[in-house]
Amino acid sequence: MPRNGSDDALRRSSTAVTAVEGLLAYAQTQRRWGRGAIRSVDRAIAMSRALVAEAPEHTPLLARALRTAARLHLRRGRPGEALPLAEEAAGLARRSGGAALVPYLRCLAEVYQSLHRYGDAVALMSEADDLPPPP
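In the numbering used here, the protein residues as written are 403 to 537.
Put into structure tokens, the structure is as follows:
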């Protein structure tokens, strides 16, 4: 069945994780200036926080939702709104470490660069470059 809106991801038969995945996918397909993307990703973050409160193994999903929100704000030219989201996402991703951390560091570096914090951006990029590649 094709998805026609963010509510399709929230049907009763969906698990919470599937619903969050659907909301994130929906948010990434929306127009740059549409409000639907931000609403969907905010909803995904709220649901992810609830999942993490129940079961901490869902922390990577929350980190991904936060990174998606940060990237949406960056695309809209709002690096100030993206900063706390990207910082929290990178902080959560640091717990697992390894190659999975790289996209989070790069996202945070992008935010820093947009805020003209070039030293911080360079430090994060070199940290990402020093991480081992995925297996």
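The beta-carbon is built from N, C-alpha and C at its ideal position, and this holds for glycine as well.
Here Q432 carries a coil assignment [DSSP, helix/strand/coil]. DSSP places P462 in the helix class (H, G or I) of the three-state scheme. Under the three-state reduction of DSSP output, R519 falls in the coil class, being neither helix nor strand. Put simply, of L510, G436, G500, V504 the residue whose alpha carbon is nearest the alpha carbon of A472 is L510. Residue state for A439 is assigned as helix, using DSSP reduced to three classes. Pairing A467 with V443 gives a Cβ-Cβ distance under 8 Å.
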